[in-house]
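Take a look at the structure below.
In our numbering, the protein residues as written are 273 to 592.
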């Protein structure tokens, strides 16, 4: 009976805090409630999962991707009616997507910690805790510049794939989409921002969707900046981004150029192998567009749910 989950142990993961930043740790404890019979536990595993979109021949697909996992316990015997608590510190990869900015959840983003309890060659994915991922200080400086320049947040997602010329550890990247400031509307549809961080520095990748005109077709333009984290804190991002945006908006042909500056460098490869170019308000509309996650899900704990069911519920509310 126990092999079929009848009278078996249950698992609940309690986070010390549901908030973290890329490069930090999530800490807490896994609480296992005993079964009514002795159980041989093979391992207890925590995994970070994300909602990920992928391009398919029949359109875009949406699914879940586990991008980091750690065994927090090896095998042990759990006697009947004897509970167990396992403390843990789960590293959060530097490339983990951001889900919260200025205290608002980014519409379209879902990150969670999944707990797996392996017993008798069966894996029980019985606990999922949603996590809010805040920007690193270096990422926050870039986001502050977007706010200062008057960008309006549109949406965010995580896409399966890799960015040309940017080393990645994870098989996906995040895009934070903005409507351009008023002075660029009519020439640029939207601007997408991507961060790829590691312990030493930060890549900031920009993509502008340019509007087409009567004599010119629309095209995407790319910008890429590489800085270390300390340089990012002292860079005038508003000037750098506005300079890149000015040159992008004014260019109606396929001409692009490369360049270098004092704080980092950017090169001539676009996001997916195309060419690219170089180049304070309270927040760029984060609150109005940040809805889409049920109260009590983000920042809380959802116990006893299967991952796909919880993610599906969050996705449906995002779409609404």
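We put the beta carbon where it would ideally sit given N, CA and C, even for glycine. From a predicted model like this one, the values you see are computed outputs, not experimental measurements.
- The continuous beta strand (DSSP E) containing residue 463 extends over residues 460 to 469.
- According to the DSSP assignment, residue 515 belongs to the alpha helix (DSSP H) that extends over 509 to 522.
- Residue 493 is classed as buried because its beta carbon has at least 16 other beta carbons within 10 Å across all chains shown.
- Rounded to the nearest angstrom, the gap between the Cα atoms of residue 369 and residue 430 is 8 Å.
- By the C-beta density criterion, residue 342 is exposed, having fewer than 16 other C-beta atoms within 10 angstroms.
- Taking C-beta separations shorter than 6 Å and ignoring five residues to either side along the sequence, the partners of residue 310 in its chain run 351, 352, following chain order.
- Per DSSP, reduced to three states, the secondary structure at residue 367 is coil, with no helix or strand assignment.
- Around the Cβ of residue 502, a 10 Å sphere holds fewer than 16 other Cβ atoms; the residue is exposed.
- For the region 376 to 405, the full-length beta strand (DSSP E) segments reaching 3 residues or more read 383 to 391, 394 to 402 along the chain.
- Cβ atoms of residue 521 and residue 456 come within 8 Å of each other, at about 5 Å.
- In this structure, residue 495 sits away from residue 474, with a CB-CB distance that is not shorter than 8 Å.
- DSSP, reduced to helix, strand and coil, places residue 445 within a strand of the structure shown.
- Our two residues, residue 403 and residue 436, have alpha carbons roughly 29 Å apart in a direct line.
- Residue 297 is classed as exposed because its beta carbon has fewer than 16 other beta carbons within 10 Å across all chains shown.
- Residue pairing by DSSP puts residue 335 in a beta bridge opposite 324.
- The beta carbon of residue 304 lies closer than 6 Å to those of 281, 283, 356 in the same chain, with the five residues before and after it left out.
- For residue 438, there is no enclosing alpha helix (DSSP H), as DSSP marks it with neither H nor E.
- Cα atoms of residue 287 and residue 504: separation of roughly 30 Å, rounded to the nearest angstrom.
- Rounded to the nearest angstrom, the Cβ distance from residue 324 to residue 347 is 32 Å, too far for a contact under 8 Å.
- By the criterion of a C-beta distance shorter than 6 Å, residue 383 is surrounded in its chain by 322, 371, 403, 405, once the five residues flanking it on both sides are discounted.
- Residue nearest to residue 434 within the set 425, 454, 427, 444 is 444 (criterion: CA-CA distance).
- Rounded to the nearest whole angstrom, the CA to CA distance from residue 301 to residue 365 is 20 Å.
- In the DSSP assignment, the residues bridged to residue 343 are 317.
- Here residue 431 is bridged, per DSSP, to 325, 445.
- For residue 399 against residue 387, the beta-carbon gap comes to about 4 Å, under 8 Å, which counts as contact.
- Counting every other CB atom within 10 Å of its CB across the protein chains shown gives residue 449 a total of 16 or more, marking it as buried.
- An exposed status is given to residue 308, since fewer than 16 other beta-carbon atoms sit within 10 Å of its beta-carbon.
- Closest option to residue 363, judged by alpha-carbon separation, among 432, 412, 291: 291.
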